[in-house]
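Step one of this worksheet: look at the structure below.
Chains as they are written, first to last, in the working numbering: chain A, 13 to 426; chain B, 13 to 426.
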């Protein structure tokens with residue numbers, strides 16, 4: 013049985029040392045880890061081949077592809093770690109500073125979270141990505157990967173741990189739980205004595221299970237029922253490519269558009285044009301009655317369609333009679349991820365930005381921009397759909413907390 | 013049975029309207045609520061008398077005192093609301109803003125959390141305090157008070173709701189659950205469809221129950237096993253008053269010192285002086301063997317003493333041989349609330365500030381300063397002992413989240 017108690021204590025200890033490491037030193041270790049991963053390519057591919065063999069016939073083609081590691085993908089992981097080394101250190105930033113009349117001086121300084129737990133599925137690359145972003149932000153990580161990828165993740169983790177140890181630092185900043193027993197996962201979710209935050213990455217089912225079963229503070233990530241509202245003043249010729257981009261550029265991702273809301277005044281001119289473009293991309297449209305009267309080729313939408321994240325070439329369409337009705341519909345059906353308005357009316361744009369309660373609200377742009385890379389964060393640990401702590405794309409800064417450093421001259425409270 | 017589903021929906025709706033209210037309008041409503049509370053003094057005192065009568069013989073003298081409302085305490089609640097109106101509005105602040113080469117412009121803006129849930133004990137004043145801070149930060153609140161105070165809390169809540177309604181705004185920004193059934197509390201803790209954050213306020217038992225039973229993100233507050241480390245270079249004459257202040261100025265509070273860590277080199281000169289001062293304040297000292305050899309009057313400390321938040325006139329004393337041993341001991345036994353070093357050595361001060369993993373770390377000052385008022389926040393909803401979202405005293409700003417407003421010119425991701 014995995015000794016999570018010891019893993020937790022070791023993570024806190026290693027994290028404490030890491031929290032005061034200089035930026036240069038952290039970057040040196042990150043580059044050493046990247047080099048080591050590339051040097052260990054053969055053994056990692058060998059471990060991965062065992063995972064692939066065991067998963068044969070069990071996993072879909074898409075999941076098998078996500079599981080597979082080859083030389084180029086391992087180089088990709090190493091490059092990811094190197095690029096994280098280039099990013100600015102988020103730790104030790106003076107966020108605020110002030111004197112208090114009582115005689116104390118207060119400084120608010122960014123610090124690492126401490127120990128970050130990550131529960132993910134059969135994607136071995138998350139092992140390297142999560143380590144890099146956690147390490148640069150001064151955090152120890154304890155990882156629990158999907159059982160189908162356990163040998164691959166372990167091989168990646170061992171390689172990085174060896175690099176850290178050989179460089180003279182504590183390898184327990186990265187620990188991988190290779191026990192696939194569910195009881196271990198459950199114990200991990202209650203390790204709040206040692207783990208400061210838990211981030212689930214994967215399917216909606218995994219995220220819900222972690223959110224409901226965890227006594228550690230959780231950051232909910234990833235689920236995206238994203239909307240685009242086509243206002244009556246939208247430019248039809250320009251709107252179509254935005255929708256095609258948001259629906260078809262990549263379909264299995266959380267920032268793809270899943271539902272279109274259309275103002276009834278523009279619908280007769282707009283929807284036939286939309287159908288031309290979408291049918292050319294093999295997109296199925298599921299629409300309400302007013303939309304189907306305009307384009308009979310649209311399938312009939314059920315009420316559930318408007319709350320569904322398809323992650324597929326399907327789009328729901330709902331007609332509304334005002335921007336307020338659009339906002340109300342979106343706030344009821346969305347997941348708080350990313351929603352957009354296409355409009356020429358600045359008042360409607362402003363109202364939409366203010367009233368739509370999502371991490372990212374867009375005017376005249378594709379929802380596909382909700383991404384750490386596109387936002388310029390350099391690295392991303394996930395996209396938060398909750399409002400506590402971090403919202404939207406989470407980069408290095410979002411893996412930090414802060415503390416108050418207070419100094420006085422033997423000052424007492426009166 | 014209380015219809016929490018409807019309460020949740022109404023809170024989201026009312027919160028949406030509140031989130032875009034102007035600062036002036038919010039302040040007007042807050043002042044109207046304060047006036048109304050004072051005007052309703054008689055009916056509130058009447059409701060409170062019923063609570064007091066029902067609690068007789070059930071609650072301790074201290075809890076009876078906390079439960080009691082009189083004219084001066086109601087005026088205090090009203091003044092608290094008025095002073096919150098004077099504070100700066102934390103909503104709508106542009107936190108960051110930048111252009112991305114892809115052509116989009118990103119603005120990061122502070123927004124209310126949405127709906128805040130608060131579970132507290134038999135302290136009617138929390139009803140008014142929580143409303144004020146939530147309202148000013150643009151949040152709807154759903155409150156669940158202790159069963160012993162349910163009539164008092166309901167009377168305060170009704171008074172404020174009437175003020176809001178009469179002023180023409182939606183009273184559902186403040187809703188009080190007056191059902192004392194445990195099943196209702198449990199359902200409330202799973203209302204994550206509507207409630208964005210849950211803040212438990214009260215005993216360690218209450219906080220643990222909410223933390224473990226809640227599917228809503230929780231901010232853990234309040235528990236404080238605070239330490240003061242007397243380094244070998246501390247000024248004994250100045251150190252004693254700081255310790256006396258931290259231990260005796262108020263004993264039942266989370267920022268009072270509970271444990272003293274003393275460098276063995278200063279212990280022989282320091283501990284007898286300390287005992288003189290503390291015994292004059294009737295403080296019981298529970299110490300390890302080296303300390304007891306110096307002051308035989310000290311009681312013997314058990315290992316549990318060092319992890320105990322006494323909230324009473326008791327202090328544990330532990331001797332150490334170095335600042336590192338002190339840091340290690342504190343990080344193992346504390347609750348991450350507030351810890352202090354008394355020293356003349358700037359290197360040790362720096363090391364302590366960096367390595368002690370607490371919300372507030374002090375050099376030469378009393379731990380009693382960890383307080384929203386003392387920090388100059390003007391209002392406080394609690395003191396967070398977790399690292400996610402907010403750490404230490406939480407004021408208006410800590411009840412906000414942010415969102416990204418992104419604009420383009422029908423921009424697509426390539």
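Built from N, CA and C at the ideal position, the CB exists for glycine as well. None of these values were measured; they are calculated from a predicted model.
Exercise for review: Could you please give the first and the last residue of the uninterrupted alpha helix (DSSP H) stretch that includes residue 270 of chain A?
Suggested key: Position 258 of the first chain, counting from 1, holds the residue named residue 270 of chain A. According to the DSSP assignment, residue 270 of chain A belongs to no alpha helix (DSSP H) but to the beta strand (DSSP E) extending over 269-275.
Check your understanding: Name the residues in the segment 208-219 of chain B whose C-beta lies less than 8 Å from a C-beta of chain A; which are they?
Key -> Taking 8 Å as the cut-off between beta carbons, the residues of the segment 208-219 of chain B near chain A are 208, 209, in sequence order.
Exercise for review: Would you mind stating whether residue 131 of chain A and residue 78 of chain A have Cβ atoms separated by less than 9 Å?
Suggested key: By one-based count along the first chain, residue 131 of chain A stands at place 119. By one-based count along the first chain, residue 78 of chain A stands at place 66. Residue 131 of chain A places its beta carbon 9 Å or farther from that of residue 78 of chain A.
Review point. Roughly how far, in whole angstroms, is the beta-carbon of residue 354 of chain A from the beta-carbon of residue 240 of chain A, given that I think they are within contact range, below 8 Å?
Key: By one-based count along the first chain, residue 354 of chain A stands at place 342. By one-based count along the first chain, residue 240 of chain A stands at place 228. Their Cβ separation, rounded to whole angstroms, is 6 Å, which keeps residue 354 of chain A and residue 240 of chain A in contact under 8 Å.
Exercise for review: Return the residue from the list B/361, B/156, B/251 that minimises the CA-CA distance to residue 287 of chain B.
Suggested key: Translated into the one-based positions of the second chain, residue 287 of chain B becomes position 275. For residue 287 of chain B, the closest of B/361, B/156, B/251 by C-alpha to C-alpha distance is B/251.
**Study point:** Neighbour list for residue 20 of chain A in chain B, Cβ cutoff strictly below 9 Å
**Key:** In the first chain, counting from the first residue as 1, residue 20 of chain A sits at position 8. Those within 9 Å of residue 20 of chain A in chain B number zero; the least Cβ separation is about 13 Å.
Check your understanding: Taking the alpha-carbon positions, what's the residue 30 of chain B to residue 149 of chain B distance?
Key -> Your numbering for residue 30 of chain B matches position 18 in the second chain. Your numbering for residue 149 of chain B matches position 137 in the second chain. Residue 30 of chain B and residue 149 of chain B: Cα-Cα distance of roughly 9 Å.
Practice item. Check whether the Cβ atoms of residue 237 of chain B and residue 28 of chain A sit closer than 9 Å, and answer yes or no. Key: Position 225 of the second chain, counting from 1, holds the residue named residue 237 of chain B. Position 16 of the first chain, counting from 1, holds the residue named residue 28 of chain A. It is not a contact, given that the beta carbons lie outside the stated cut-off.
Check your understanding: Who are residue 414 of chain A's beta bridge partners in DSSP?
Key -> What you label residue 414 of chain A is simply residue 402 of the first chain in a count that begins at 1. The partner list for residue 414 of chain A (beta bridge, DSSP) reads A/122.
Practice item. Please go through the same chain and pick out, in chain order, the residues whose beta-carbon is closer than 7 Å to the beta-carbon of residue 335 of chain A, but skip the five residues on each side of it. Key: Translated into the one-based positions of the first chain, residue 335 of chain A becomes position 323. Contacts found: 243, 360, 363, 364.
Practice item. Note down, one range per segment and in chain order, each alpha helix (DSSP H) of at least 4 residues found wholly within the segment 133-164 of chain A. Key: Whole alpha helix (DSSP H) segments, 4+ residues: 137-148.
Review point. Does residue 286 of chain B get closer than 9 Å to chain A when you measure Cβ to Cβ?
Key: Counting from 1 along the second chain, the entry for residue 286 of chain B is found at position 274. Closer than 9 Å: no.
Review point. By how many angstroms is the C-alpha of residue 18 of chain B removed from the C-alpha of residue 196 of chain B?
Key: Residue mapping note: residue 196 of chain B aligns to position 184 of the second chain, counting from 1. Residue mapping note: residue 18 of chain B aligns to position 6 of the second chain, counting from 1. Their Cα atoms are separated by approximately 13 Å.
Practice item. Specify the secondary structure class of residue 298 of chain B as computed by DSSP and reduced to three states. Key: Position 286 of the second chain, counting from 1, holds the residue named residue 298 of chain B. Residue state, collapsed to three classes: strand.
Review point. Distance, Cα to Cα, residue 230 of chain A vs residue 291 of chain B?
Key: By 1-based counting over the first chain, the position of residue 230 of chain A is 218. By 1-based counting over the second chain, the position of residue 291 of chain B is 279. Annotation: residue 230 of chain A to residue 291 of chain B spans about 46 Å, alpha carbon to alpha carbon.
Check your understanding: Count the other CB atoms within 10 Å of the CB of residue 107 of chain A; is the residue buried (16 or more) or exposed (fewer)?
Key -> Locating residue 107 of chain A in the first chain gives position 95, where the first residue counts as 1. Exposed, because fewer than 16 other Cβ atoms sit within 10 Å of the Cβ of residue 107 of chain A.
Review point. Going by other Cβ atoms of all chains shown within 10 Å of its Cβ, with 16 needed for buried, is residue 187 of chain A buried or exposed?
Key: Along the first chain, one-based indexing puts residue 187 of chain A at 175. Burial call: buried.
Check your understanding: With 16 other CB atoms within 10 Å as the buried threshold, where does residue 309 of chain A fall?
Key -> The residue you call residue 309 of chain A lines up with position 297 of the first chain. Flag for residue 309 of chain A reads exposed.
Point to revise | the segment 382-404 of chain B: positions lying closer than 9 Å to chain A by Cβ | key: Near chain A, meaning a CB-to-CB distance below 9 Å, the residues of the segment 382-404 of chain B are 382, 383, 386, 387, 388, 398, 399, 400, 401, 402, 403, 404.
Check your understanding: Mind checking residue 312 of chain B: buried by the 16 CB within 10 Å criterion, or exposed?
Key -> Locating residue 312 of chain B in the second chain gives position 300, where the first residue counts as 1. With fewer than 16 Cβ atoms within 10 Å of its Cβ, residue 312 of chain B is classed as exposed.
Practice item. Measure the CB-CB distance between residue 374 of chain A and residue 419 of chain B and report whether it falls below 9 Å. Key: Numbered from 1 along the first chain, position 362 holds the residue referred to as residue 374 of chain A. Numbered from 1 along the second chain, position 407 holds the residue referred to as residue 419 of chain B. It is a contact, given that the beta carbons lie within the stated cut-off.
Point to revise | Unbroken stretches of the alpha helix (DSSP H), 4 residues or longer, contained in the segment 328-360 of chain A | key: Those alpha helix (DSSP H) runs which fall completely within the segment 328-360 of chain A and span 4+ residues are 335-345.
Point to revise | chain B residues whose Cβ lies nearer than 8 Å to that of residue 201 of chain A | key: By one-based count along the first chain, residue 201 of chain A stands at place 189. Going along chain B, no residue has its Cβ under 8 Å from residue 201 of chain A, so there is no contact; the nearest lies around 11 Å.
Exercise for review: Throw me the rounded Cβ distance for the residue 142 of chain B and residue 93 of chain B pair, which I believe falls under 8 Å.
Suggested key: Position 130 of the second chain, counting from 1, holds the residue named residue 142 of chain B. Position 81 of the second chain, counting from 1, holds the residue named residue 93 of chain B. Cβ-Cβ separation between residue 142 of chain B and residue 93 of chain B: approximately 11 Å, too far for a contact (criterion under 8 Å).
Practice item. Could you tell me whether the segment 269-283 of chain A touches the segment 318-335 of chain A, using the rule of 3 or more Cβ pairs below 8 Å? Key: Output reads yes: the segment 318-335 of chain A touches the segment 269-283 of chain A.
Practice item. Within its chain, find whatever has a CB closer than 6 Å to the CB of residue 298 of chain A; leave out the 5 residues flanking it on each side and keep chain order. Key: Taking the first residue of the first chain as 1, we reach residue 298 of chain A at position 286. Result list for residue 298 of chain A: 311, 313, 317, 328, in chain order.
Check your understanding: How is residue 419 of chain B classed by DSSP in three states: helix, strand or coil?
Key -> Position 407 of the second chain, counted from the start, is the residue given in the question as residue 419 of chain B. Three-state result, residue 419 of chain B: strand.
Exercise for review: Over the uninterrupted alpha helix (DSSP H) stretch that includes residue 282 of chain A, give me the two end residues.
Suggested key: Working through the first chain from its first residue, we reach residue 282 of chain A at position 270. Residue 282 of chain A -> alpha helix (DSSP H) spans 279-292.
Check your understanding: Just by C-beta distance, which residues in the segment 33-45 of chain A are closer than 9 Å to chain B?
Key -> The segment 33-45 of chain A vs chain B, Cβ under 9 Å: nothing.
Point to revise | Rounded C-alpha distance that separates residue 396 of chain B from residue 265 of chain B | key: One-based indexing of the second chain puts residue 396 of chain B at position 384. One-based indexing of the second chain puts residue 265 of chain B at position 253. Separation of residue 396 of chain B and residue 265 of chain B (C-alpha to C-alpha, rounded to the nearest whole angstrom) is 14 Å.
Exercise for review: State yes or no: is the C-beta of residue 167 of chain B within less than 9 Å of the C-beta of residue 55 of chain B?
Suggested key: Indexing the second chain from 1 puts residue 167 of chain B at position 155. Indexing the second chain from 1 puts residue 55 of chain B at position 43. Contact: yes.
Review point. Assuming residue 115 of chain A contacts residue 357 of chain A under a Cβ cut-off of 8 Å, what Cβ separation, rounded to an integer in Å, is found between them?
Key: Stepping through the first chain from its first residue, residue 115 of chain A is reached at position 103. Stepping through the first chain from its first residue, residue 357 of chain A is reached at position 345. That pair is no contact at about 55 Å.
Point to revise | Bridge-paired residues (DSSP) for residue 108 of chain B | key: Here residue 108 of chain B is taken as the residue at index 96 of the second chain, counted from 1. Note: residue 108 of chain B sits in a beta bridge opposite B/120.
Point to revise | Contacting residues, own chain, Cβ-Cβ under 6 Å from residue 227 of chain B (five flanking each side not counted) | key: Stepping through the second chain from its first residue, residue 227 of chain B is reached at position 215. Once the five neighbours on either side are set aside, the close Cβ partners of residue 227 of chain B are 202, 204.
Point to revise | Cβ-based burial, residue 163 of chain B [other Cβ within 10 Å; buried from 16] | key: As a working note, residue 163 of chain B is residue 151 in the second chain. The residue is buried, with at least 16 neighbouring Cβ atoms inside 10 Å.
Check your understanding: Beta-carbon of residue 257 of chain B versus every beta-carbon of chain A: anything under 9 Å?
Key -> Position 245 of the second chain holds residue 257 of chain B. Chain A, which has a Cβ nearer than 9 Å to the Cβ of residue 257 of chain B, makes this yes.
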